[in-house]
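Below is one structure; the comments refer to it alone.
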Amino acid sequence: MIELKSAEEIGRMAVTGQFVGELLAELKGFAAVGVNLMEIEHHARGRIKERGAESCYWDYAPSFGRGPFRNVLCLSVNDAVLHGLPHDYVLRDGDLLSIDMAVGIDGWVADSALSFVVGTPDPEDLKLIEATEVALEAAIVAAQPGGRLGDISAAIGEVARTYGYGVNGEFGGHGIGRTMHEDPHVANSGRPRRGMRLDPGLTVAIEPWFCRSTDKIRFDDDGWTIRSADGSRTAHSEHTVAITAGGPRVLTRRPGQTTEPAAAA
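Quick note on numbering: the UniProt record's numbering labels position 204 of the sequence shown as 204, and the sequence is numbered without any gaps.
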């Protein structure tokens, strides 16, 4: 079931989104060559506890995975792209790190992710990250009231093709609000002017992710960590977005990012 949120409820989600955006920016600054992934995880746990927020990941137990997830972050390195388990790994120069987090505050959830290179970047990694960011912005611009869900998906797929990347159809974005995962599913490729109508009050997490040289994935033995099937680098960008009568409202912008996307043409 899809629940349309009121302006007041979207405002409450925006409070959560601001915290998520600020913490992701802080974690990006905290991550550096020589830092252990578990240090990043514990730093986030401390900030979430201080804020009185609740992690949506802790005890998360979907159909995949082995046992409930017992961390507050997904930390995915290099060829890992989604659901990476924080573990005893020290970041090395040139590592590509994706951080994904979702928390709830006073019953309202926001979800966001970003990718970046620690230390010396490979230009191909920067291109890959840029592609996910450009795709995310294109999808946000396409998330106009009165439009269709396929407009969002088509925008992501078009950017992927422009950059020369394939799109995996197994995992994508999702509705969000009172819980982390709600209807509808937001695919990362699709046809414009198709699918459900984008009515004001719909809130979704839009999350393009690409692998450098494949659209196939594999799971680690932990049942959680998803990697590119061929071992190539990966990247992931995500924002929580509300459809409003005045256009898309991004709820998880990080400090220094513009508040809203450019208007649709």
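Every residue gets a Cβ at the ideal spot worked out from N, C-alpha and C, and that includes glycine.
query	result
Would DSSP call A143 helix, strand or coil?	coil
Between H87 and chain D, is the shortest Cβ-Cβ distance under 8 Å, so that the two count as touching?	Here chain D cannot be found, since the structure has a single protein chain.
Can you tell me the Cβ-Cβ gap for S115 and L96, rounded? I've got them flagged as a contact below 8 Å.	6 Å
Could you give the uninterrupted runs of the beta strand (DSSP E) lying entirely in the segment 80-140, keeping only those of 3 residues or more?	80-82, 96-105, 108-117
Since G52 contacts W224 with CB under 8 Å, what's their CB separation in whole angstroms?	So it is not a contact: roughly 27 Å between Cβ atoms.
For R249, which three-state DSSP category applies?	strand
Does the segment 158-168 come close enough to the segment 204-221 to have 3 or more Cβ pairs within less than 8 Å?	yes
Helix, strand or coil: which one does DSSP assign to H42?	helix
Using C-beta distances below 6 Å, list every residue in its chain close to A155, excluding the 5 sequence neighbours before and after it, in chain order.	A138, A139, A142
Report the rounded CA-to-CA distance for T162 versus I40, giving the unit in angstroms.	34 Å
Is the beta carbon of G84 closer than 8 Å to that of R178?	no
I'd like to confirm the pairing. Which residues does DSSP put opposite N78 in its beta bridges?	In the DSSP output, where bridge partners are listed per residue, N78 has none listed.
With a CB to CB cut of under 6 Å and the five nearest residues on each side skipped, what residues in its chain are close to G201?	L4, K5
Can you say whether E238 is buried or exposed, counting buried as having 16 or more other CB atoms within 10 angstroms of its CB?	buried
Suppose you measure from the CA of G256 to the CA of R191; what does that come to, to the nearest Å?	33 Å
Please state the DSSP three-state secondary structure of I156.	helix
So, is A262 buried or exposed, given that buried needs 16 or more other C-beta atoms within 10 angstroms?	Bear in mind that the predicted position of A262 carries a pLDDT of just 46, short of 50, making it too unreliable to give a figure here.
Classify M101: buried if its beta carbon has 16 or more other beta carbons within 10 angstroms, exposed otherwise.	buried
Report the start-end ranges of each alpha helix (DSSP H) in the segment 7-34 that is 4 residues or longer and not cut off at the edges.	7-30
Which word fits V81, buried or exposed, when buried means at least 16 other C-beta atoms lie within 10 angstroms of its C-beta?	buried
In whole angstroms, what is the alpha-carbon distance linking V186 and D199?	15 Å
Roughly how many angstroms lie between the CA atoms of L27 and S228, to the nearest whole one?	24 Å
In this structure, how does DSSP classify E50 when only helix, strand and coil are distinguished?	helix
Compute the Euclidean distance between the alpha carbons of D125 and A235, then round it to the nearest angstrom.	8 Å
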